[in-house]
Amino acid sequence: MAAALTLNQSTIGKKAIMAVTGIVLYGFVIVHMIGNLKIFEGPEGFNAYSHFLRVVGEPALPAGTILWVIRIVLLLSVILHVTAAIQLTRIDNAGRPIAYKKVKRKQASFASLTLRWGGVTIFFFVIYHLLHFTVGTALPGFIEGDPYHNVITGFSSQVWAAPVYIVAVAALGTHLYHGVWSAMQTLGINTRRTEKLFRGIAVLSGVGLFAGFATVPIVVLLGILK
Amino acid sequence: MKITINVWRQKGAQASGRLVKYQVDHVSPDMSFLEMLDILNQQLISKNEEPVAFDHDCREGICGSCGVMINGLAHGGQLATTTCQLHMRSFKDGDEITVEPWRAKAFPVIKDLVVDRGAFDKIIQSGGYISAGTGSAPDANSTPIAKENADLSFDAAQCIGCGACVAACPNASAMLFTSAKIAHLGLLPQGQPERKSRVLNMVATMDAAGFGGCTNIGECSAACPKEIGLHFIGRLNRDLLSATIAGGSSVD
Ligand code: HEM
Ligand code: SF4
Ligand code: FES
Chain A
6 MAAALTLNQS TIGKKAIMAV TGIVLYGFVI VHMIGNLKIF EGPEGFNAYS HFLRVVGEPA
66 LPAGTILWVI RIVLLLSVIL HVTAAIQLTR IDNAGRPIAY KKVKRKQASF ASLTLRWGGV
126 TIFFFVIYHL LHFTVGTALP GFIEGDPYHN VITGFSSQVW AAPVYIVAVA ALGTHLYHGV
186 WSAMQTLGIN TRRTEKLFRG IAVLSGVGLF AGFATVPIVV LLGILK
Chain B
3 MKITINVWRQ KGAQASGRLV KYQVDHVSPD MSFLEMLDIL NQQLISKNEE PVAFDHDCRE
63 GICGSCGVMI NGLAHGGQLA TTTCQLHMRS FKDGDEITVE PWRAKAFPVI KDLVVDRGAF
123 DKIIQSGGYI SAGTGSAPDA NSTPIAKENA DLSFDAAQCI GCGACVAACP NASAMLFTSA
183 KIAHLGLLPQ GQPERKSRVL NMVATMDAAG FGGCTNIGEC SAACPKEIGL HFIGRLNRDL
243 LSATIAGGSS VD
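Residue numbers (our numbering), protein chains in the order written: chain A, 6 to 231; chain B, 3 to 254.
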């Protein structure tokens with residue numbers, strides 16, 4: 006097991022760290038998206054779910070334990086993922102100090118070529134998003150413990166909030182359109198036999214997560230949810 | 003055909019270079035791209051100018067020395083074709099063509115279009131030897147090999163070390179080349195005893211040579227004249243990660 010600590014020494018090992026932490030974050034966004042859609046159950050259903058996250062594990066564990074364990078795992082994943090991304094980006098850029106005067110691509114997808122921009126967009130979005138709906142400093146009229154109210158106010162009183170969210174989740178969808186398949190390839194799980202399956206899962210994840218996340222700001226903006 | 007070409011001219015490794023425009027008349031559509039460069043060089047020589055240096059040897063797509071960037075695509079971008087096998091019929095009369103050397107930190111330009119691909123030799127050297135019995139030749143078929151593995155190993159062994167994968171990769175990564183070398187021995191029984199140390203050493207040498215990392219973009223495989231598949235990179239990742247986690251030693 007100690008040998009796993011030497012992963013950081015090769016580019017492939019660094020990418021494996023990115024892939025594993027990326028999959029943890031991928032699991033999180035799927036659960037988060039499903040949680041968001043509970044907003045269609047109305048204030049009681051949505052707030053009850055949020056409350057559940059805070060009290061789950063009680064009374065066996067002290068209040069908030071599970072929530073904080075999840076938060077620490079996510080934070081560690083983000084730190085490792087971003088650190089490896091920065092290190093690899095520097096290695097990759099150093100690989101070609103003199104650019105071509107003329108260069109074309111034969112088949113590269115938009116998603117694969119913009120992975121880093123997508124990552125940076127998601128990173129800054131997450132900071133804003135935490136200040137908006139978790140801490141509340143970016144939302145006038147924020148009420149602790151009433152996420153239903155906060156989401157409705159957030160998207161209806163601040164008109165620019167919904168477009169920001171939609172752009173950010175488009176970046177997330179694009180990131181995963183390549184990333185989910187890429188992680189399987191990096192970990193050596195992908196083979197010729199699974200190629201179509203993992204490409205399919207990645208495309209479905211990208212499109213599905215974009216649609217699922219974008220739904221909430223759109224319906225609030227259209228006044229369907231009040 | 004009349005062709006205008008913009009060629010990268012650079013006197014030596016330390017000199018700075020630039021694109022120079024030349025006009026080549028009397029190009030036949032049946033000529034290969036290298037023959038067109040030969041005509042250009044004849045013109046230059048008769049004008050007492052320095053001919054364009056480019057690498058070539060077999061001119062039949064098997065030695066891997068002729069790679070150049072043609073209009074922004076490695077080997078000109080035709081499916082499964084090296085520069086020497088690219089014909090002028092794939093261009094039109096009056097076309098303007100830009101020709102540049104491979105660009106990678108690990109492939110420094112020596113002169114004009116010639117780069118030093120010695121980093122590939124270093125990767126292969128660090129792979130070391132395989133343990134094979136010496137003495138009289140073994141009986142045929144005494145070591146059975148599954149048909150599927152033999153075929154795959156053969157596919158990987160087709161790599162001619164041309165460097166197009168590095169040239170086409172946005173990160174100048176050598177993963178496709180290295181994966182082909184790893185797979186062609188790793189798929190055979192003869193490659194098993196040193197399998198772990200081989201992958202650890204070759205990847206360490208690859209990283210140290212200054213190639214970028216792989217972001218699975220796939221331009222390498224699309225540019226490869228031997229159509230080495232991306233699945234070989236998956237196999238390389240699998241081998242390297244299992245050797246690393248098992249704590250294999252890098253020297254055998
Ligand atoms: C927080 C800011 C983020 C940055 C700066 C970032 C950056 C990157 C970069 C540069 C890559 C390419 C890795 C490579 O070189 O192959 C990547 C891959 C990936 N990212 Fe992110 N990312 C971020 C957030 C996220 C999030 C929130 C998720 C999941 C929801 C995620 C999931 C993935 C996955 C699954 C991969 C594939 C890993 C691989 O190819 O091995 N990333 N990310
Ligand atoms: S993998 Fe293909 S492109 Fe790369 S060196 Fe080998 S033959 Fe050339
Ligand atoms: S000259 Fe040998 S492959 Fe082109």
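Idealized CB from N, CA, C, for every residue including glycine. Predicted model, so just to flag it, every value in this text is computed and none were measured.
Does at least one heavy atom of the ligand FES sit under 7 Å from the Cβ of residue i?
i, result
"SER67/B", "yes"
"ASP59/B", "yes"
"THR84/B", "yes"
Between which two residues does the alpha helix (DSSP H) harbouring residue i extend?
i, result
"GLY186/A", "First, the residue type needs correcting, since residue 186/A is Trp and not Gly in the sequence shown. Counting along the chain, the alpha helix (DSSP H) containing TRP186/A begins and ends at 166-191."
"ASN41/A", "16-42"
"GLY188/B", "177-188"
"ARG59/A", "47-60"
"GLN45/B", "35-48"
"LYS201/A", "200-226"
"PHE138/A", "Counting along the chain, PHE138/A falls outside any alpha helix (DSSP H), and DSSP gives it neither H nor E."
"GLY146/A", "Looking at the DSSP string, GLY146/A is not in any alpha helix (DSSP H), and its letter there is neither H nor E."
"GLU63/A", "Where GLU63/A is concerned, there is no enclosing alpha helix (DSSP H), given that its DSSP letter is neither H nor E."
"ASN195/A", "No alpha helix (DSSP H) holds ASN195/A; DSSP gives it neither H nor E."
Report whether the distance from the Cβ of residue i to the nearest heavy atom of the ligand SF4 is below 7 Å.
i, result
"PRO191/B", "no"
"ILE64/B", "no"
"PHE109/B", "no"
"PHE179/B", "yes"
"ILE126/B", "no"
"ILE162/B", "yes"
"ILE147/B", "no"
"ILE230/B", "yes"
"PRO227/B", "yes"
"CYS171/B", "no"
"CYS167/B", "yes"
"ALA121/B", "no"
"ALA139/B", "no"
"ALA182/B", "yes"
Could you compute how far the alpha carbon of residue i sits from the alpha carbon of residue j?
i, j, result
"PRO222/A", "TRP165/A", "11 Å"
"LYS107/A", "GLU98/B", "12 Å"
"LEU118/A", "ASN173/B", "10 Å"
"MET23/A", "VAL201/B", "21 Å"
"GLY19/B", "SER155/B", "41 Å"
"PRO53/B", "LYS113/B", "11 Å"
"HIS186/B", "ASN151/B", "9 Å"
"ALA176/B", "LYS231/A", "55 Å"
"ASP254/B", "ILE125/B", "Annotation note: pLDDT 48 at ASP254/B (below 50); position unreliable, no value reported."
"LEU42/A", "LEU135/A", "18 Å"
"ILE72/B", "ASP57/B", "14 Å"
"ALA139/B", "GLY188/B", "22 Å"
"THR84/B", "GLU229/B", "11 Å"
"ILE91/A", "HIS77/B", "32 Å"
"GLY79/B", "SER181/B", "21 Å"
"MET90/B", "SER34/B", "6 Å"
"ALA158/B", "SER199/B", "19 Å"
"VAL25/A", "ILE162/B", "34 Å"
"LEU21/B", "MET38/B", "17 Å"
"ALA166/B", "PHE45/A", "53 Å"
"VAL125/A", "ASN155/A", "26 Å"
"VAL9/B", "GLU51/B", "14 Å"
"PRO227/B", "LEU227/A", "53 Å"
"ILE194/A", "ALA89/A", "20 Å"
"LEU10/A", "VAL29/A", "19 Å"
"SER161/A", "GLY146/A", "12 Å"
Could you pull the DSSP bridge partners for residue i from this structure?
i, result
"GLN25/B", "THR6/B"
"ARG200/B", "BP columns for ARG200/B are empty, so no partner."
"ARG20/B", "ARG11/B"
"GLY214/B", "SER175/B"
Looking at the ligand COA, does it come within less than 7 Å of residue i, judged from the CB to the closest heavy atom?
i, result
"PHE51/A", "Here the bound small molecules are the ligand HEM, the ligand SF4 and the ligand FES; the ligand COA is not part of this structure."
Complete runs of the beta strand (DSSP E) confined to the stretch 69-157 of chain B [at least 3 residues]: 98-102, 111-113
Beta strand (DSSP E) runs contained entirely in the stretch 90-117 of chain A, provided each spans 3 or more residues: none
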